[in-house]
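A quick write-up on the structure given underneath.
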Amino acid sequence: MPDGQVLEFSGLVKRFGPVTAVDGLTARVEPGLVTGFLGPNGAGKTTSLRMLLGLVRPTEGTATIGGRTYDKLDRPLQSVGAALEASSFHPGRTAANHLKVYADAGGVPRARVDEVLGLVGLSDVGGRKVGGYSLGMRQRLGLASALLGDPGVLVLDEPTNGLDPEGIRWMRGLLRTLAGEGRTVLISSHLLAEVQQTVDALLIIASGKLVFQGGIEDLAERSEHATIVDAPDRAALIAAIEAAGLEYAVLRNGLTVHRVEPAEVGAIAGAAGVVLSSLQRRGAGLEEIFLDLVNGVVVAPPADAAPSPPLPAVESEPVPSPEPTPEPEPALEPQPEQAPEAQPESAPEPPQAPAPAEGATPSDASTSSATDSPEPEPAPSTAAFAVAATGVIDVVPPAESDPAEEEQR
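Shown next, in the form of structure tokens:
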């Protein structure tokens with residue numbers, strides 16, 4: 005049984021003149037999973053797959069299969085099976101002859117042709133010319149070409165396009181079976197409802213850039229989930245849900261309980277003695293979330309937890325910054341202590357002036373202002389106190405200005 009290989013896109017960029025089809029795509033596809041490659045038309049899905057298969061040369065970056073580019077693979081047909089277009093067949097050639105040409109070119113025994121025709125359900129029409137095939141039949145033939153070398157990696161572009169509902173169900177089961185064997189399965193599609201039922205992981209691209217990578221369960225937040233529940237005695241069920249304080253909405257087929265798991269709703273109904281007739285979990289539709297992502301309405305955070313620790317480190321740096329700011333405020337307090345020392349030297353005539361500064365009492369301050377008021381001359385020179393808007397009394401040292409005024413006088 006062939007082993008799956010890791011597909012890795014590293015900084016992949018492709019420009020066609022002024023148009024950037026793929027812009028810095030970095031993603032990883034693991035074996036054993038069906039990975040969906042989603043994006044609107046013109047998002048760069050097919051261009052990315054062509055660069056992976058060596059059909060288009062990237063402007064920057066690499067796209068590797070098991071650590072090697074496609075042109076470095078020893079046996080490409082036995083390593084990677086790809087189907088990018090359902091119209092790359094000669095209309096006058098039968099399906100069996102088409103596969104025989106591929107088998108001879110890739111060194112695959114011709115006995116493998118009948119095997120893959122039976123695997124994709126074309127055994128009865130293998131002798132018919134491809135020109136008379138429907139779109140769904142050509143899709144099956146393209147899948148047969150991809151499986152011809154029994155590869156460990158499958159790259160399929162819109163594999164369910166043109167298939168009827170029965171064919172879609174068959175394709176879904178086949179892809180899951182191949183992934184269960186350990187192969188790497190990468191499919192691109194715009195049929196979002198079908199992808200939701202088929203894939204295990206998702207890559208969503210928009211305007212050439214990756215906007216999401218992860219599992220389907222990681223795509224929708226838990227708050228968007230709800231539980232659908234119903235009971236023969238719906239009134240008793242509503243009473244139990246209301247008693248639990250849960251939010252709900254009445255539907256035709258039951259009740260929708262928001263942001264609650266089915267296990268919790270079942271426990272509430274069981275404690276109230278309510279027999280349930282249905283209980284299921286409903287999540288947000290992939291199509292709505294997909295449209296929000298590709299339109300930029302919602303930005304999915306990266307799944308790695310590495311960027312989370314540096315965030316508190318950045319917040320801790322500005323925290324000590326306000327601490328040095330209150331330090332210069334107490335620096336104003338030692339100024340009044342130095343100011344009264346300079347006052348007795350500059351103005352020795354009024355001996356009462358240093359007393360209120362040393363005692364720092366409001367009564368002394370009032371007496372000093374009273375003594376300064378009858379003397380008009382020293383008032384401008386000994387204005388040692390100033391009341392700020394905050395009510396704080398600041399002492400202004402007039403040591404340099406007073407001797408100059410006294411010499412003039």
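First residue of the sequence shown: 5, per our numbering; consecutive thereafter.
Yeah, the Cβ is synthetic: ideal placement off N, Cα and C, and Gly gets one too.
Closest Cα partner of R144 within the set V233, K104 and L123: Residue 144 sits at position 140 when you count from the first residue of the sequence shown. Among V233, K104 and L123, the Cα nearest to that of R144 belongs to L123.
Which listed residue (A243, G218 and S282) has its alpha carbon closest to that of R256: As a first step, residue 256 must be located in the sequence shown, where it is residue number 252. Comparing Cα positions, the closest option is S282.
Distance between beta carbons of L206 and L42, contact taken as under 8 Å: By one-based count along the sequence shown, residue 42 stands at place 38. By one-based count along the sequence shown, residue 206 stands at place 202. The pair is a contact, with the Cβ atoms about 6 Å apart (cut-off 8 Å).
Cutoff 7 Å; reference V23; Cβ partners in own chain excluding five residues on either side: Taking the sequence shown and counting its residues from 1, the one referred to as residue 23 is at position 19. Hits under 7 Å: none found.
Q9 classed as buried or exposed, judged by whether at least 16 other C-beta atoms fall within 10 angstroms: The residue given as residue 9 occupies position 5 in the sequence shown. So Q9 ends up on the buried side.
Rounded straight-line distance, which links the Cα of G274 to that of L196: Taking the first residue of the sequence shown as position 1, residue 196 is located at position 192. Taking the first residue of the sequence shown as position 1, residue 274 is located at position 270. Between L196 and G274, the C-alpha separation is close to 37 Å.
Identity of the residue in H94, G153 and L152 nearest Y137 by Cα: Sequence index remark: in the sequence shown, residue 137 carries index 133 (1-based). Checking every option, the nearest Cα to that of Y137 belongs to H94.
Buried/exposed call for T202, threshold 16 Cβ in 10 Å: Taking the first residue of the sequence shown as 1, we reach residue 202 at position 198. Burial call: buried.
Contact check, T260 vs I232, beta carbons under 8 Å: Looking up residue 260 in the sequence shown gives position 256. Looking up residue 232 in the sequence shown gives position 228. In contact: T260 and I232 (Cβ atoms closer than 8 Å).
Host alpha helix (DSSP H) of A243 (start-end): If you number the sequence shown from 1, residue 243 lands on position 239. Residues R238 to A247.
Given S127 as reference, the closest of G15, N101, V159 and L11 once Cα atoms are compared: One-based indexing of the sequence shown puts residue 127 at position 123. Among G15, N101, V159 and L11, the Cα nearest to that of S127 is on N101.
Cβ shell of I208 (< 6 Å), same chain only, five flanking positions each side left out: As a first step, residue 208 must be located in the sequence shown, where it is residue number 204. Excluding positions up to five away in sequence, the list reads L42, V215, F216 and L297.
Where T181 falls, given that 16 or more other Cβ within 10 Å makes a residue buried: In the sequence shown, counting from the first residue as 1, residue 181 sits at position 177. Answer is exposed; the Cβ neighbour count stays below 16.
C-alpha gap between A107 and R176, whole angstroms: Walking along the sequence shown from the start, residue 107 turns up at place 103. Walking along the sequence shown from the start, residue 176 turns up at place 172. A107 and R176: Cα-Cα distance of roughly 26 Å.
Nearest to A267 (by Cα), restricted to the options G258, R285, G111 and A31: Here residue 267 is taken as the residue at index 263 of the sequence shown, counted from 1. Closest by alpha carbon: R285.
Own chain partners of R97 with C-beta closer than 7 Å, once the 5 adjacent residues on each side are dropped: Here residue 97 refers to the residue found at position 93 of the sequence shown. Excluding sequence neighbours, R97 sits near K133 and V134.
L147 CB to nearest heavy atom of the ligand NAD below 7 Å: Among the ligands in the structure shown, none appear at all, so the ligand NAD cannot be discussed.
Option nearest P155 by Cα separation, candidates M141, I172 and G186: As a position in the sequence shown, residue 155 is number 151, starting the count at 1. Ranking the options by Cα distance to P155, first place goes to G186.
Counted within 10 angstroms of its Cβ, other Cβ atoms place R79 as buried (16 or more) or exposed: Within the sequence shown, the letter at position 75 stands for residue 79. R79 is exposed by the Cβ-count criterion.
Classification of R116 by the beta-carbon crowding that lies within 10 angstroms, buried from 16 upward: As a first step, residue 116 must be located in the sequence shown, where it is residue number 112. Buried: at least 16 other Cβ atoms inside 10 Å.
Distance between G58 and D75 (C-alpha atoms, nearest Å): Position 71 of the sequence shown, counted from the start, is the residue given in the question as residue 75. Position 54 of the sequence shown, counted from the start, is the residue given in the question as residue 58. Roughly 7 Å separates the two Cα atoms.
Close-in-space but distant-in-sequence residues of the same chain around V279 (CB under 7 Å, 5 per side omitted): On the sequence shown, residue 279 is found 275 positions in, with the first residue counted as 1. Result list for V279: A235 and P236, in chain order.
Beta-carbon proximity list for E333, same chain, < 6 Å, skipping 5 on both sides: As a first step, residue 333 must be located in the sequence shown, where it is residue number 329. Per-residue confidence for E333 stands at a pLDDT of 46, beneath the threshold of 50, marking its modelled position as unreliable; the derived number appears in the next sentence. Within the same chain, E333 has no close Cβ partners at all.
Distance between beta carbons of V120 and L151, contact taken as under 8 Å: One-based indexing of the sequence shown puts residue 151 at position 147. One-based indexing of the sequence shown puts residue 120 at position 116. Confirmed, about 5 Å.
Short Cβ contact (8 Å threshold) for V17 with G71: Your numbering for residue 17 matches position 13 in the sequence shown. Your numbering for residue 71 matches position 67 in the sequence shown. No, the pair does not count as a contact, with Cβ atoms beyond the cut-off.
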